[in-house]
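Numbers -6 to 367, taken from the working numbering, label the letters of the sequence shown in order.
Think of the CB as a built atom: it goes at the ideal place given N, C-alpha and C, for glycine as much as any other residue.
Input: a single structure, listed below in structure tokens.
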Amino acid sequence: TANRPAPIAPTTATRPAPLAPTTATRPASAPLPQPTTPRVQLRATIPSPRPVTPVIVPQTPVSPPRSTTPPPAPSVTATRTLPRTPAVPSSFIDPSEQIAPAGLEVQPGNQPIEELTAIAMRQELIDLLGRFENALIASNSGNIPINLQVASTQLTAGTGGSLASANFKKSDQIITKAREVIKNFPELVAQQNWTEARHQWLEIRQQLWQNYPTEGERLGAEIRAVWLDRGTIVKARSEAGLAQVFDRLAAAGINTVYFETINAGYPIYPSRVAPAQNPLIQGWNPLEAAVKLAHQRGMELHAWIWVFAVGNDRHNQLLGQPSSFLSPVIQAHPDWININNYGELRNTRDRKVYLDPANREARAYLMRLINEIT
């Protein structure tokens, strides 16, 4: 009986041991029932695209809530900078600001021609030959009778002479030679015959330019156009200043002018339809003046209109408007604005404000505006 109490002591000492881990593991699972609220809230308040720790970002993408009613303009403009797409990427290229590249500078000699240079040289000849052929056809178009009812496979001049005139024969010879050079050029480069490759390339390019068709009767006038933008119109300040611009265009051979008539929702003329004329133009009607000046110089004038785009950040800066200002049209008719699926009022790429093309009142407004111009 004296030895039996000894095993009882370890039994009572070992039972509480499993209780400690049991009570210690339960608090760790306490914060689990809140997975969604912090994530959505954090996603909506991130001001710019930044790396987010894996603890917060869910493994599957969560779409942001879509707005069913347009929020107030100032608050949306200030906070809707979500990291889905950059406002204006640094690599963005506006085609309207581009010009044709200059011709390659190639010197005669035996210098090696790199592979990429050879490709560019050959492509320049191909492009120049295409322009030469098109100009040749256009220069003789006035001598070709247009009669679709006449079944004839021969193109003959309206004056009774064949198109194979002396000038046409010379042009045909140049075209044939140019095609041969284009065909043989890669082989000369592959043979490292740099001298001959450069010589043939320079010679045929010179012949194409020296014999480029510039005369002859054309069926229709060649369009030599220019986009006359709002900035140039504003700088003219008056009809006399605009006349100087048209004089320079006429001297350069321009026969067609695309005249920027509506930009950022503002017409350049005093309109009875639009809410306001461009504030940078006061005291004169540039559109009326441009029509007169163009006709005096034998030019065509076309109204260049930004149709659905009625506001942009750049124009706001020029006018000293706050960044929250959307457009004079939207200011007068807030329900005409086009809102994307994320409730944004501005296009995230070009930062422009657009009319909703599905809105019948907005479309009717545009039709009245265009009818007023025409």
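- Residue burial is scored here from C-beta neighbours: I255 has at least 16 other C-beta atoms within 10 angstroms and is therefore classed as buried.
- E173 is classed as exposed because its beta carbon has fewer than 16 other beta carbons within 10 Å across all chains shown.
- Linking Q270 to A351 through their CA atoms gives a straight-line distance of about 25 Å.
- In the structure shown, T341 falls within a coil segment according to DSSP collapsed to helix, strand and coil.
- Residue environment for A233: exposed (fewer than 16 other C-beta atoms within 10 angstroms of its C-beta).
- Note on I216: under 16 other CB atoms within 10 angstroms of its CB, so exposed under the neighbour-count rule.
- At a Cβ-Cβ threshold of 8 Å, A229 and V219 do not count as neighbours.
- Looking at L129, D343 and Q100, the one whose alpha-carbon comes closest to that of Q193 is Q100.
- DSSP links T249 through a beta bridge to A218 and E293.
- Rounded to the nearest angstrom, the Cβ distance from F125 to L201 is 5 Å, consistent with a contact under 8 Å.
- With the rule of 3 Cβ pairs closer than 8 Å, the stretch 261 to 270 does not count as touching the stretch 299 to 313.
- Nearest in C-alpha terms to E108, of all of H295, T169, N333 and E180, is E180.
- In the DSSP assignment, N256 forms a beta bridge with Y259.
- Nearest Cα to G224 within the set L195, A257 and R344: A257.
- When the Cα atoms are used, I175 and L362 turn out to be separated by approximately 52 Å.
- With fewer than 16 other beta carbons inside 10 angstroms of its own, I112 counts as exposed.
- At the C-beta level, F161 and R115 stay beyond 8 Å of one another.
- In the three-state reduction of the DSSP assignment, N331 falls in the coil class, being assigned neither a helical nor a strand state.
- By the Cβ neighbour-count rule, V303 is buried, with 16 or more other Cβ atoms within 10 Å of its own.
- Only buried fits P260, as 16 or more other CB atoms lie within 10 angstroms of its CB.
- DSSP places G304 within a strand segment (E or B) once states are collapsed to three.
- Under the three-state reduction of DSSP output, Y358 falls in the helix class.
- Pairing N186 with N103, the inter-Cα distance amounts to about 8 Å.
- The shortest C-alpha to C-alpha distance from L121 to any of Q199, F318 and L286 is the one to Q199.
- Our two residues, K345 and N305, have alpha carbons roughly 4 Å apart in a direct line.
- Under DSSP, L348 forms a beta bridge with I330.
- A282 is positioned such that its CB atom lies closer than 8 Å to that of L235.
- Across the structure, I366 and A183 are spaced so that their CA atoms are roughly 60 Å apart.
- In the three-state reduction of the DSSP assignment, I298 falls in the strand class, which pools E and B.
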